[in-house]
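Report on one structure; see the data block that follows.
Protein chains in written order, with the numbering used here: chain A, 46 to 226; chain B, 46 to 226.
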């Protein structure tokens, strides 16, 4: 079965979004697509995301995960609700916990992997030991404030450096999580 | 006159030391010297460091900046005191502010640059606009807690990606600070 990926654009000071999440021009000011992202996208068979985008209404047809790539979308939530369709994508809401949601997403992804979306989902999955790989596109900027990918877990996690590529100003790094013994 | 460098070993979650600073094996578990560090060292003509190591007694002959490389050492402090000699190095204590200390270090460094040492000194200099380059040796580990290089400055700083090299598991990145207009 496929791997579970954290896959983010991050500033040098560790932020994956500004406090105003709609202000995301910094992510693209140094150019967009790189070869690693294209490769990642071909490996993704499902997306698991947080409910925040739906709750605060920022999830829209104009800003779909992976540009609207048509793979199953699972939203982790506390309150079950009917599926929502936005453009080409249908989001199903999963209210029975993140572990079950990840399992369901893995089934749906088949041979491919599951991409996580949203700081809270990333952190919860990392903490629970569900993450197999962390892919970071590091943008040369200090944002000064925002939402961190890594808070203080209070737990050490060993990684292996699998790949480093640079595309223009962006450094893309792929790490695998070393299972703790 | 020479440049001012931030030059650190950092975990993927942004920590440059554990809460217990004496526990620094993680920095070296993936191998030590790399070509960029050797090059950096040849560019350093003075060191400016915080007073913390002296105050809490952790600065010792066995753990001198850059392995005891013989360049002038300036300690930023609030209370003037006599110079301290440890092994081959003499540390002078500067109590008239960080800006004056950086100037003095630049003079002492001649054609070479000034390396900053310690999270607080790094942050203060970055905030004050004294830093020209940031060199980070990124170690593939999530520490989970510790002392961050980058706190929430509340200020955006543009960088330019000057160089990326990998040595074994470590990714070394050199950024220059883009002067704000």
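Where is the CB? At the ideal position from N, CA and C, for every residue including glycine.
Extent of the continuous beta strand (DSSP E) to which residue i belongs
| i | result |
| --- | --- |
| residue 73 of chain A | No beta strand (DSSP E) holds residue 73 of chain A; DSSP gives it neither H nor E. |
| residue 44 of chain B | For residue 44 of chain B there is no data in the structure shown, the boundaries of chain B being 46 and 226. |
| residue 205 of chain B | 202-212 |
| residue 178 of chain B | 178-184 |
| residue 219 of chain A | 215-222 |
Start and end residues, alpha helix (DSSP H) containing residue i
| i | result |
| --- | --- |
| residue 99 of chain A | 97-100 |
| residue 167 of chain B | 164-173 |
| residue 62 of chain B | Run containing residue 62 of chain B: none in the alpha helix (DSSP H); it sits in the beta strand (DSSP E), 60-62. |
Residue i vs residue j beta-carbon contact at 8 Å
| i | j | result |
| --- | --- | --- |
| residue 175 of chain A | residue 53 of chain A | no |
| residue 125 of chain B | residue 138 of chain B | yes |
| residue 51 of chain B | residue 171 of chain B | yes |
| residue 179 of chain B | residue 162 of chain B | no |
| residue 75 of chain B | residue 215 of chain B | yes |
| residue 220 of chain B | residue 189 of chain A | no |
| residue 55 of chain A | residue 222 of chain A | no |
| residue 123 of chain B | residue 140 of chain B | yes |
| residue 202 of chain B | residue 93 of chain B | no |
| residue 132 of chain A | residue 109 of chain A | yes |
| residue 57 of chain B | residue 217 of chain B | no |
| residue 196 of chain B | residue 168 of chain B | yes |
Outcome for residue i when other beta-carbon atoms lying within 10 angstroms are tallied against a minimum of 16
| i | result |
| --- | --- |
| residue 156 of chain A | exposed |
| residue 118 of chain A | buried |
| residue 104 of chain A | buried |
| residue 130 of chain A | exposed |
| residue 91 of chain A | buried |
| residue 158 of chain B | buried |
| residue 136 of chain B | buried |
| residue 193 of chain A | buried |
| residue 182 of chain B | buried |
| residue 73 of chain A | exposed |
| residue 83 of chain B | exposed |
CB contact below 8 Å: residue i versus chain D
| i | result |
| --- | --- |
| residue 169 of chain B | Judged by its chain identifiers, the structure shown contains no chain D, and its protein chains are A and B. |
Report task. Select from the region 180-203 of chain B all residues with a C-beta closer than 7 Å to any C-beta belonging to chain A, and list them in chain order. Result -> 185, 186, 187, 188, 189, 190, 195, 197, 198, 199, 200, 201, 202 and 203
Query raised in the report: What residues in the region 144-160 of chain B have a beta carbon less than 8 Å from any beta carbon of chain A?
Result: none
**Report entry** beta strand (DSSP E) runs contained entirely in the region 86-144 of chain B, provided each spans 3 or more residues
**Finding:** 89-95, 118-121, 129-131 and 134-139
Report task. Mind checking the region 54-79 of chain A against chain B and listing, in chain order, the residues whose C-beta falls within less than 7 Å of any C-beta there? Result -> 57, 58 and 59
Query raised in the report: Quick one, which residues of the region 96-110 of chain B are near chain A if we go by CB-CB under 8 Å, in chain order?
Result: none
Query raised in the report: Taking Cβ-Cβ distances below 7 Å as the criterion, which residues of the region 207-220 of chain B are in contact with chain A?
Result: 209, 211, 214, 216, 218 and 220
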